[in-house]
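As given, the protein sequences belong to chains A and B, one line each in that order.
Throughout, the numbering used here is defined as the position within the first sequence, counted from one, plus 4.
Throughout, the numbering used here is defined as the position within the second sequence, counted from one, plus 4.
2 protein chains.
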Amino acid sequence: MSLKRPDFRSLLPVSVRDGEGLHQALTHRSAGGRHNERLEFLGDAVLGLVIADALFEQLPDAPEGDLTRLRAALVNRESLAALARESGLEGTLNLGEGERKSGGQRRDSILADAVEALIGVTYREAGMQAARDFTLALYAERLASLPSAESLKDPKTRLQEQLQGNNAELPVYEVLEVAGPDHQRQFTVSVHLPTQGWGQHGRGSSRRRAEQAAAEAALRRLQQTREQ
Amino acid sequence: MSLKRPDFRSLLPVSVRDGEGLHQALTHRSAGGRHNERLEFLGDAVLGLVIADALFEQLPDAPEGDLTRLRAALVNRESLAALARESGLEGTLNLGEGERKSGGQRRDSILADAVEALIGVTYREAGMQAARDFTLALYAERLASLPSAESLKDPKTRLQEQLQGNNAELPVYEVLEVAGPDHQRQFTVSVHLPTQGWGQHGRGSSRRRAEQAAAEAALRRLQQTREQ
Numbered sequence: 005m006s007l008k009r010p011d012f013r014s015l016l017p018v019s020v021r022d023g024e025g026l027h028q029a030l031t032h033r034s035a036g037g038r039h040n041e042r043l044e045f046l047g048d049a050v051l052g053l054v055i056a057d058a059l060f061e062q063l064p065d066a067p068e069g070d071l072t073r074l075r076a077a078l079v080n081r082e083s084l085a086a087l088a089r090e091s092g093l094e095g096t097l098n099l100g101e102g103e104r105k106s107g108g109q110r111r112d113s114i115l116a117d118a119v120e121a122l123i124g125v126t127y128r129e130a131g132m133q134a135a136r137d138f139t140l141a142l143y144a145e146r147l148a149s150l151p152s153a154e155s156l157k158d159p160k161t162r163l164q165e166q167l168q169g170n171n172a173e174l175p176v177y178e179v180l181e182v183a184g185p186d187h188q189r190q191f192t193v194s195v196h197l198p199t200q201g202w203g204q205h206g207r208g209s210s211r212r213r214a215e216q217a218a219a220e221a222a223l224r225r226l227q228q229t230r231e232q
Numbered sequence: 005m006s007l008k009r010p011d012f013r014s015l016l017p018v019s020v021r022d023g024e025g026l027h028q029a030l031t032h033r034s035a036g037g038r039h040n041e042r043l044e045f046l047g048d049a050v051l052g053l054v055i056a057d058a059l060f061e062q063l064p065d066a067p068e069g070d071l072t073r074l075r076a077a078l079v080n081r082e083s084l085a086a087l088a089r090e091s092g093l094e095g096t097l098n099l100g101e102g103e104r105k106s107g108g109q110r111r112d113s114i115l116a117d118a119v120e121a122l123i124g125v126t127y128r129e130a131g132m133q134a135a136r137d138f139t140l141a142l143y144a145e146r147l148a149s150l151p152s153a154e155s156l157k158d159p160k161t162r163l164q165e166q167l168q169g170n171n172a173e174l175p176v177y178e179v180l181e182v183a184g185p186d187h188q189r190q191f192t193v194s195v196h197l198p199t200q201g202w203g204q205h206g207r208g209s210s211r212r213r214a215e216q217a218a219a220e221a222a223l224r225r226l227q228q229t230r231e232q
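And the structure:
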């Protein structure tokens with residue numbers, strides 16, 4: 005998503021928009037003086053609750069695991085940075101000179117922290133309801149078009165659930181090879197599907213990653229088999 | 005801490021104490037039917053905000069890192085389970101037969117989840133302020149006697165900060181040995197303090213753990229040196 009959303013300032017309560025806290029919320033620690041780290045700590049917790057609550061109400065039948073996965077997909081550095089860009093935060097941040105010259109205005113972590121700090125300062129200065137309104141305005145489109153909880157599951161989980169759903173035997177993973185030096189390991193893993201009678205391979209920088217890659221390959225092959 | 009606190013029921017708003025949600029909040033999924041997992045998801049987020057907010061207000065000069073460490077010390081499975089025991093939650097939970105027979109009433113994870121579900125049901129049925137009051141009542145003594153943020157830092161961080169404070173050179177870590185089979189690795193790490201001219205060793209099941217053990221040993225030796 006890269007839609008242009010209303011400028012973040014227009015979504016803030018007037019008292020916050022014209023208050024002193026706004027400047028602090030937009031100030032990275034590299035600028036010195038009063039910066040936004042404490043507000044970010046607070047805003048992160050407000051954001052977590054607002055999104056948890058919205059998902060809880062919006063999906064009354066979703067099990068806890070789905071709610072947890074959806075929240076993780078909505079609240080993370082990348083999605084917060086995307087929200088920041090869409091709502092005009094880039095270029096409004098106060099950064100130290102070094103940070104500015106090295107492109108800090110565009111850095112995901114700095115943008116994400118500033119969004120959380122804006123939520124934090126709104127909570128402090130205008131209360132929970134105002135912070136909720138601001139957060140839900142930022143997230144309106146994302147909450148209106150949630151990804152399927154299924155698509156957020158990792159490949160191993162999806163593979164296991166698909167096989168269980170078809171009363172097939174569970175997949176068997178095996179490490180075939182560990183290569184490379186300590187800091188650059190390369191794992192090769194096979195996954196065998198006993199009922200289907202075939203297997204796939206996967207590679208990755210950890211055993212877990214290699215298993216996920218193998219499961220992903222097995223899911224693709226199952227899909228192709230069904231389509232034939 | 006193992007103080008006996010007021011029974012959790014007496015801390016709940018009357019509407020929740022006499023409502024239907026309370027039963028659900030105390031019901032583990034093993035009991036079947038409506039259980040507390042969704043309420044736990046919600047309560048976890050409420051708890052996170054209430055504690056973040058309390059620390060933010062109580063420690064106006066604490067940097068973000070201290071707030072984060074303190075929150076992690078207050079909100080984790082062990083401390084929630086301790087709160088559950090102190091406030092009489094053990095023995096009140098609805099569990100499936102297998103879970104009950106295997107001691108589920110005393111299991112940390114089950115107790116911790118039930119506390120979060122109680123916070124969640126209070127939030128849902130009585131609102132944010134009521135959930136905040138309930139949570140702060142549970143946490144009253146812990147918030148009144150916070151550990152020092154310094155003591156919550158990991159040994160590597162404390163060692164580095166102590167050396168920096170004395171204008172000493174930074175410690176140098178080195179892996180000396182990796183032994184044992186894949187699933188039971190044993191790392192041996194040395195830490196060398198250039199300015200002091202000595203080093204210490206540490207062992208652990210990961211490189212990180214071994215480094216922390218080595219740093220802990222170096223901190224002890226620095227302490228002894230100062231006391232001589």
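By construction, the Cβ of each residue, glycine as well, lies at the ideal position given by its N, Cα and C atoms.
These figures come from a predicted structure and were not determined experimentally.
Scan the segment 96 to 150 of chain B and note each continuous alpha helix (DSSP H) run of 4 residues or more that stays entirely inside, going in chain order.
-> Counting only runs of 4 or more, we get 101 to 105, 112 to 130, 132 to 142 and 144 to 148.
Spell out whether any CB of chain A is found under 9 angstroms from the CB atom of B:R110.
-> no
List the endpoints of the continuous alpha helix (DSSP H) containing A:T229.
-> First-last of the alpha helix (DSSP H) with A:T229: R211 to E231.
DSSP state of B:E178 mapped onto helix, strand, coil | strand
When DSSP labels each residue in this structure, what does A:H205 get in the three-state scheme?
-> strand
DSSP puts A:S194 in a beta bridge; with which residues?
-> A:E178 and A:H205
Cβ-based burial, B:R42 [other Cβ within 10 Å; buried from 16] | Flag for B:R42 reads buried.
Between A:P67 and chain B, is there a C-beta pair that is closer than 9 angstroms?
-> Yes, A:P67 lies at the interface with chain B (some Cβ there is under 9 angstroms from its Cβ).
What are the boundary residues of the alpha helix (DSSP H) that includes A:T72?
-> E68 to L78
Is DSSP giving A:T199 helix, strand or coil here?
-> coil
What is the rounded straight-line gap between the Cα of B:S6 and the Cα of B:L147?
-> In this prediction, B:S6 has a pLDDT of 49, which is less than 50 and means its spatial position is unreliable; nothing more can be read from the coordinates.
When the Cα atoms are used, what is the spatial distance from B:R33 to B:A218?
-> 43 angstroms
Which residues in the same chain as A:V79 place their Cβ atom closer than 8 angstroms to its Cβ, once the five residues preceding and following it in sequence are excluded?
-> Excluding sequence neighbours, A:V79 sits near L51, G52 and I55.
Report, in whole angstroms, the separation of the C-beta atoms of A:L140 and A:L30, which I expect to be a contact under 8 angstroms.
-> Going by Cβ atoms, the distance from A:L140 to A:L30 rounds to 21 angstroms, so no, they are not a contact pair.
Could you tell me whether the segment 209 to 225 of chain B touches the segment 152 to 165 of chain B, using the rule of 3 or more Cβ pairs below 8 angstroms?
-> yes
Give a yes or no on whether the minimum CB-CB distance between B:T72 and chain A is below 9 angstroms.
-> In terms of beta-carbon proximity, B:T72 lines the interface with chain A, with at least one pair separated by less than 9 angstroms.
Backbone CA spacing between A:F138 and B:A58 [nearest angstrom] = 22 angstroms
Backbone CA spacing between B:T72 and A:N171 [nearest angstrom] = 46 angstroms
Closer than 9 angstroms, Cβ to any Cβ of chain A: which residues of the segment 182 to 200 of chain B, in chain order?
-> V182 and D186
Say whether chain A places a C-beta atom closer than 9 angstroms to the C-beta of B:D57.
-> Answer yes: the Cβ-Cβ gap between B:D57 and chain A drops below 9 angstroms somewhere.
Which two residues bound the contiguous alpha helix (DSSP H) that contains B:R33?
-> Neither: B:R33 is in no alpha helix (DSSP H) and is coded neither H nor E.
Give every residue of the same chain whose Cβ lies closer than 6 angstroms to the Cβ of A:L122, excluding the five residues on either side of it in the sequence, and list them in chain order.
-> A29
Three-state secondary structure (DSSP) of B:A85 | helix
What separation, rounded to the nearest whole angstrom, lies between the Cα atoms of A:L142 and A:L87?
-> 7 angstroms
With B:G25 and B:R128 assumed to form a contact (beta carbons below 8 angstroms), what rounded beta-carbon distance in angstroms separates them?
-> 7 angstroms
Note down, in chain order, every chain A residue with its Cβ under 9 angstroms from the Cβ of B:V50.
-> The contacting residues are L53, A56 and D57.
Any C-beta of chain A sitting closer than 9 angstroms to the C-beta of B:R42?
-> yes
Please work out which residues of its chain come closer than 8 angstroms, Cβ to Cβ, to A:L223, disregarding the five sequence neighbours upstream and downstream, and give them in chain order.
-> P159, R162, L163 and Q166
Measuring CB to CB, does A:D65 end up less than 9 angstroms from A:L156?
-> no
Just curious, the alpha helix (DSSP H) that A:Q160 is in, first and last residue?
-> The question names Gln, but residue 160 of chain A is Lys in the sequence shown. Residues P159 to G169.
State the CB to CB distance for the pair A:E215 and A:T199, rounded to an integer number of angstroms; the pair is presumed to be in contact (CB under 8 angstroms).
-> A:E215 to A:T199, Cβ: 19 angstroms. No contact.
For A:P175, count neighbouring C-beta atoms within 10 Å of its own C-beta (all shown protein chains included) and say buried if the count is 16 or more, exposed if not.
-> That one is buried.
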